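Peer 1: These protein sequence lines map, in sequence, to chains Y and F.
Position one of the first sequence corresponds to residue 127 (my numbering), numbered consecutively onward.
Position one of the second sequence corresponds to residue 127 (my numbering), numbered consecutively onward.
All residues carry an ideal CB built from backbone N, CA and C; glycine is no exception.
Computed from a predicted structure; not experimentally measured.
Dropping the structure in here first, questions after.
Number of protein chains: 2
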Amino acid sequence: MNIGEIARRAGVSRSTVSYALSGKRTVSEATRRRIQDVIDELDYRPNAAARALAEGRTRTIGLVIPPATARLTHMQLDFVASVVEAAARSDLDVLLSPSGGDHERSFERLLSGRRVDGVILMEIRVKDARVDRLLREDLPFVGIGHTAGDHRMSWIDVDYTTLIARCVHHLADLGHRAVALINRSPELVAAGYGPGLRAAEGFAAAVAERGIAGFEYACGDDTAAGRAVVRRIHAEHPEVTAAVTLNEAALPGIQQALEDAGVRVPGGFSITGVAAQRWAEDFRPPLTAADVPAQQMGAQAVELLVERIAAPDAPPRHILLTPPVSLRASTAPAPSLAESTQARVSGSGGSTAPNGR
Amino acid sequence: MNIGEIARRAGVSRSTVSYALSGKRTVSEATRRRIQDVIDELDYRPNAAARALAEGRTRTIGLVIPPATARLTHMQLDFVASVVEAAARSDLDVLLSPSGGDHERSFERLLSGRRVDGVILMEIRVKDARVDRLLREDLPFVGIGHTAGDHRMSWIDVDYTTLIARCVHHLADLGHRAVALINRSPELVAAGYGPGLRAAEGFAAAVAERGIAGFEYACGDDTAAGRAVVRRIHAEHPEVTAAVTLNEAALPGIQQALEDAGVRVPGGFSITGVAAQRWAEDFRPPLTAADVPAQQMGAQAVELLVERIAAPDAPPRHILLTPPVSLRASTAPAPSLAESTQARVSGSGGSTAPNGR
DNA sequence: CGTCATTGTCGAACCGATTCGACGAGCATA
DNA sequence: TATGCTCGTCGAATCGGTTCGACAATGACG
Chain Y
127 MNIGEIARRA GVSRSTVSYA LSGKRTVSEA TRRRIQDVID ELDYRPNAAA RALAEGRTRT
187 IGLVIPPATA RLTHMQLDFV ASVVEAAARS DLDVLLSPSG GDHERSFERL LSGRRVDGVI
247 LMEIRVKDAR VDRLLREDLP FVGIGHTAGD HRMSWIDVDY TTLIARCVHH LADLGHRAVA
307 LINRSPELVA AGYGPGLRAA EGFAAAVAER GIAGFEYACG DDTAAGRAVV RRIHAEHPEV
367 TAAVTLNEAA LPGIQQALED AGVRVPGGFS ITGVAAQRWA EDFRPPLTAA DVPAQQMGAQ
427 AVELLVERIA APDAPPRHIL LTPPVSLRAS TAPAPSLAES TQARVSGSGG STAPNGR
Chain F
127 MNIGEIARRA GVSRSTVSYA LSGKRTVSEA TRRRIQDVID ELDYRPNAAA RALAEGRTRT
187 IGLVIPPATA RLTHMQLDFV ASVVEAAARS DLDVLLSPSG GDHERSFERL LSGRRVDGVI
247 LMEIRVKDAR VDRLLREDLP FVGIGHTAGD HRMSWIDVDY TTLIARCVHH LADLGHRAVA
307 LINRSPELVA AGYGPGLRAA EGFAAAVAER GIAGFEYACG DDTAAGRAVV RRIHAEHPEV
367 TAAVTLNEAA LPGIQQALED AGVRVPGGFS ITGVAAQRWA EDFRPPLTAA DVPAQQMGAQ
427 AVELLVERIA APDAPPRHIL LTPPVSLRAS TAPAPSLAES TQARVSGSGG STAPNGR
């Protein structure tokens with residue numbers, strides 16, 4: 127069942143079998159055939175560990191995911207799925223490693239034994255110890271997300287600052303004068319979660335530029351938190367007529383709370399933000415939002431990593447995506463001041479545009 | 127950076143270093159210290175490939191997941207997360223492989239190079255080619271889910287037949303005389319998806335036993351399909367006053383469609399079924415359902431696999447879980463016949479019991 | 001004091017591939 | 001005919017560990 131056995135049965139040396147398989151030296155058509163026949167008959171596949179040892183590479187990449195305790199968002203799930211799929215297309219295997227919390231051992235195991243040729247890092251913090259660790263280890267890696275001003279790594283990310291600002295401008299254009307930002311969980315943002323911080327920046331800047339009132343709310347990643355945050359907004363700032371969010375997981379809760387309060391979307395309250403397309407389309411009415419092309423991002427992350435493995439000394443590349451805001455049906459002109467405290471029954475307000483991709 | 131270098135610096139032979147690390151032979155305390163000091167100083171970790179080659183095992187398990195094209199349910203996500211976490215606790219790495227669709231290459235790669243010590247199979251069909259493939263390969267594996275009557279494999283599964291039947295009995299006890307089963311997608315069930323088939327069996331049996339009317343509906347795994355199926359049930363069988371489901375992903379759509387129709391849950395319509403606890407608690411009102419302990423199942427699957435790797439010839443073990451139906455608030459006595467065509471506004475009908483685990 | 005078991009260490013073989021240098025056969029060229 | 005190339009193949013070294021058998025030193029025992 128090993129290469130020696132194949133060689134013996136085909137009546138050649140082990141090296142010839144190896145060359146026949148890899149094509150790295152010429153092998154006569156006759157012997158190649160003979161070897162291939164034996165291989166097919168015995169269903170032989172080279173041992174991965176032996177090959178990795180000899181070649182010095184494992185044909186495996188590591189994917190560092192948030193720990194299981196944190197409920198994965200659909201977007202993160204799409205990242206994982208597309209990374210695995212893209213890797214398979216490049217004949218790479220994917221080793222999963224939860225990180226954060228008390229799972230640093232798993233992360234260390236990934237790096238330590240030269241088990242992988244490269245690493246894809248998800249859920250990167252603005253200041254992230256794992257980046258330094260990987261740089262020290264001299265292991266190629268790319269981020270889905272990026273640290274603050276680190277030019278020593280390749281990454282692909284969504285430009286939350288710009289996108290959230292665009293959403294605010296969209297609402298301001300519709301006449302909203304007081305809007306809320308529904309951010310991710312307080313712990314996450316406090317820990318330096320990039321998208322959360324950058325969204326807050328973009329929100330603050332756009333609100334200031336348009337001279338409207340803006341209120342930022344942290345919100346946990348679940349339905350209950352979504353319900354709670356809507357209630358808080360209504361209670362603390364009843365003048366708010368629209369919200370911008372990047373918290374996908376809270377969307378169902380937001381929807382429920384608005385319904386409970388008898389507020390119509392978009393007539394009485396407008397919602398927009400940044401979300402994976404699936405979530406946007408599940409929302410009722412369909413969410414006007416910048417669609418994060420998560421599937422494509424996973425594939426591109428693998429591409430970047432493959433490049434980086436092939437040429438570790440090439441300058442890192444950075445891809446910052448700014449997908450267009452797809453106008454669906456969850457935003458409408460602000461209710462006039464007279465009506466603003468009372469839900470208005472109205473039809474869809476936003477115009478519908480073809481979905482940008 | 128290899129074991130020879132450590133040996134040289136510590137002034138001992140390579141084998142001594144190996145024994146000092148593994149503890150498989152006694153090493154004097156003095157040399158052990160000296161070796162450890164060198165290791166700490168150089169931050170040495172044994173090369174995984176070399177170790178795998180020598181030991182004949184990789185300390186890695188494979189996890190075969192549904193392809194990315196199929197949207198993963200929360201339950202499946204919980205499986206993945208808990209498997210990865212449990213594996214990490216046993217110092218095992220997890221290699222991910224999407225299977226189904228055109229991803230058989232990835233599955234083959236997993237098996238072929240002896241890349242993993244064992245495999246966990248998700249989303250098993252009643253008749254599953256991958257099971258035969260794994261048996262042929264003589265690779266230890268366990269299923270989350272099980273084939274029909276295959277005693278050659280270990281598995282852990284939920285007893286959908288019994289659970290769905292219990293849900294029907296619960297509804298019948300409440301006086302419902304016509305109920306629907308909202309199953310998984312037609313393609314999935316047609317392909318021999320175990321839970322779908324077993325749920326249909328349990329449903330049919332219980333409905334017959336109680337002498338009530340039962341209608342089975344297939345339903346895609348998304349919000350839109352959930353909305354559609356509710357509309358179909360109302361249109362084709364207006365006498366139906368309750369539904370049983372194992373289709374988690376359709377729950378939000380079911381909820382939306384009932385709201386749109388002005389039907390109150392549970393006053394006008396009762397819903398129950400089998401779901402991951404998170405989904406059940408996100409439903410409004412909280413779903414009376416058998417909570418699938420997905421997290422625990424992933425961990426137990428890893429346990430089973432570790433056992434199987436340690437003792438490949440031991441008889442396979444089967445774990446069939448029948449979690450209790452947690453009474454929450456989505457079921458109530460059937461509306462009287464006079465009222466049945468009209469939504470009734472009523473409070474919570476189901477009694478609330480502590481959550482069984 | 002000779003014998004024997006125990007302890008600690010070493011050298012060599014081995015796991016299963018890749019890869020490099022060498023070399024014989026066949027053929028064209030001088 | 002001698003020389004030099006190319007082509008196809010082989011043997012041996014190598015990757016970085018683990019493990020087995022051997023063996024010297026030490027202490028216990030008769």
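1) Would Y/I282 pass as a contact of Y/L247 if the rule is Cβ separation under 8 Å?
2) Please work out which residues of its chain come closer than 8 Å, Cβ to Cβ, to F/R197, disregarding the five sequence neighbours upstream and downstream, and give them in chain order.
3) List, in order along the chain, the chain F residues whose C-beta lies closer than 9 Å to that of Y/Q403?
4) So which of Y/A306, Y/Q202 and Y/A176 has the shortest CA-CA distance to F/G484?
5) DSSP on F/P441, reduced to helix/strand/coil?
6) At a CB distance below 7 Å, what residues from the stretch 369 to 381 of chain F approach chain Y? Give them in sequence order.
7) Would you say F/L261 faces chain Y, with C-beta separation under 8 Å as the test?
8) Quick one, which residues of the stretch 175 to 203 of chain Y are near chain F if we go by CB-CB under 7 Å, in chain order?
9) Can you find a CB in chain Y that lies within less than 8 Å of the CB of F/N173?
10) With DSSP as the reference, identify every bridge partner of Y/P210, one or two as the case may be.
11) Of all the options Y/T457, Y/M127 and Y/I445, which has the alpha carbon lying nearest to the alpha carbon of Y/L168?
12) List the residues of chain Y that F/S238 touches, going by C-beta distances under 7 Å, in chain order.
13) Under the three-state reduction of DSSP, which class applies to F/M248: helix, strand or coil?
14) Closest to F/V206 by C-alpha separation, out of F/C293, F/A458, F/R410 and F/A427, would be which residue?
15) How about F/D408: is its C-beta nearer than 8 Å to some C-beta of chain Y?
16) If you run the structure through DSSP and keep just helix, strand and coil, what is Y/Y286?
17) Could you tell me whether any Cβ in chain F is nearer than 8 Å to the Cβ of Y/R443?
18) Quick check: the stretch 208 to 227 of chain Y against the stretch 151 to 168 of chain Y, are at least 3 beta-carbon pairs closer than 8 Å?
19) Please confirm if Y/V143 has its CB atom under 8 Å from at least one CB of chain F.
20) Using DSSP's beta-bridge definition, name the partner residues of F/F267.
21) For F/T288, which of F/A306, F/P321 and F/A174 has the nearest alpha-carbon?
22) When the Cα atoms are used, what is the spatial distance from F/R358 to Y/P192?
23) Provide the residue span of the alpha helix (DSSP H) that contains F/I338, from first to last.
24) Taking just the CA atoms, how far does F/V164 sit from F/G137?
25) At the level of alpha carbons, what is the spacing between F/D166 and F/I132?
26) Under a Cβ-count criterion, where at least 16 other Cβ atoms within 10 Å of its own Cβ denotes burial, should F/D204 be classed as buried or exposed?
27) Is any non-hydrogen atom of the ligand PLP found closer than 7 Å to the C-beta of Y/S311, if you look at the structure I gave you?
28) Are F/D264 and F/R185 touching if we call contact CB-CB under 8 Å?
29) From F/A383 to F/V389, what distance separates their C-alpha atoms?
30) Quick check: the stretch 316 to 333 of chain F against the stretch 411 to 424 of chain F, are there 3 or more CB pairs under 8 Å?
31) Would you give the residue range spanned by the beta strand (DSSP E) that Y/S232 belongs to?
32) Quick check: the Cα distance between F/T172 and Y/T157, rounded to an integer number of angstroms?
33) Helix, strand or coil for F/A479, going by three-state DSSP, please let me know.
34) Residues of chain Y with CB closer than 7 Å to the CB of F/S232, please, in chain order.
35) From Y/S141 to Y/G424, what does the alpha carbon distance come to, in whole angstroms?
36) Mind checking if F/L221 is an interface residue toward chain Y, Cβ cutoff 8 Å exclusive?
Peer 2: The relevant details are as follows:
1) No, these two residues do not count as a Cβ contact at 8 Å.
2) Cβ neighbours of F/R197 beyond the five flanking positions: D347, D348 and A375.
3) Close to Y/Q403, with beta-carbon spacing below 9 Å, lies no residue of chain F; the smallest spacing is near 12 Å.
4) For chain F, the structure presents residues 127 to 483; residue 484 of chain F sits outside this window and is missing.
5) If DSSP states are grouped into helix, strand and coil, F/P441 belongs with coil.
6) The stretch 369 to 381 of chain F vs chain Y, Cβ under 7 Å: P378.
7) Chain Y, which has no Cβ nearer than 8 Å to the Cβ of F/L261, makes this no.
8) Answer set for the stretch 175 to 203 of chain Y: A175, A176, A178, L179, T184, A194, L198 and L203.
9) Yes, contact with chain Y.
10) For clarity, residue 210 of chain Y is Val in the given sequence; the question names Pro instead. Per DSSP, none; premise fails for Y/V210.
11) Taking only the C-alpha atoms, the option nearest Y/L168 is Y/M127.
12) Those within 7 Å of F/S238 in chain Y are R171.
13) For F/M248, the three-state secondary structure derived from DSSP is coil.
14) For F/V206, the closest alpha carbon among the candidates F/C293, F/A458, F/R410 and F/A427 is that of F/A427.
15) Taking a beta-carbon distance threshold of 8 Å, F/D408 counts as an interface residue toward chain Y.
16) Three-state result, Y/Y286: helix.
17) No, Y/R443 does not count as interfacial toward chain F.
18) Three or more Cβ pairs closer than 8 Å define a contact, and the stretch 151 to 168 of chain Y falls short of that threshold against the stretch 208 to 227 of chain Y.
19) Taking Cβ atoms only, chain F never reaches closer than 8 Å to Y/V143, which makes this a no.
20) F/F267 is bridged to F/V245.
21) When the alpha-carbon of F/T288 is set against those of F/A306, F/P321 and F/A174, the nearest one is in F/P321.
22) The alpha-carbon atoms of F/R358 and Y/P192 are separated by roughly 40 Å.
23) For F/I338, there is no enclosing alpha helix (DSSP H), as DSSP gives it neither H nor E.
24) Taking the CA atoms as reference points, F/G137 sits about 10 Å from F/V164.
25) Pairing F/D166 with F/I132, the inter-Cα distance amounts to about 10 Å.
26) Under this definition F/D204 is a buried residue.
27) The ligand PLP is absent from the structure shown, which contains no ligands of any kind.
28) Taking a C-beta distance under 8 Å as the contact criterion, F/D264 and F/R185 do not qualify as a contact pair.
29) Cα to Cα, F/A383 sits roughly 9 Å from F/V389.
30) Too few Cβ pairs lie closer than 8 Å, so no.
31) That residue, Y/S232, is in no beta strand (DSSP E); its alpha helix (DSSP H) goes E230 to S238.
32) First, the residue type needs correcting, since residue 172 of chain F is Pro and not Thr in the sequence shown. Distance between the alpha carbons of F/P172 and Y/T157 is about 39 Å.
33) Legend: pLDDT at F/A479 = 36, less than 50; position of this residue unreliable, value from coordinates given subsequently. The answer is coil: DSSP assigns F/A479 none of H, G, I, E or B.
34) The contacting residues are A214.
35) Whole-angstrom Cα-Cα distance: 38 Å.
36) So yes, F/L221 belongs to the interface.
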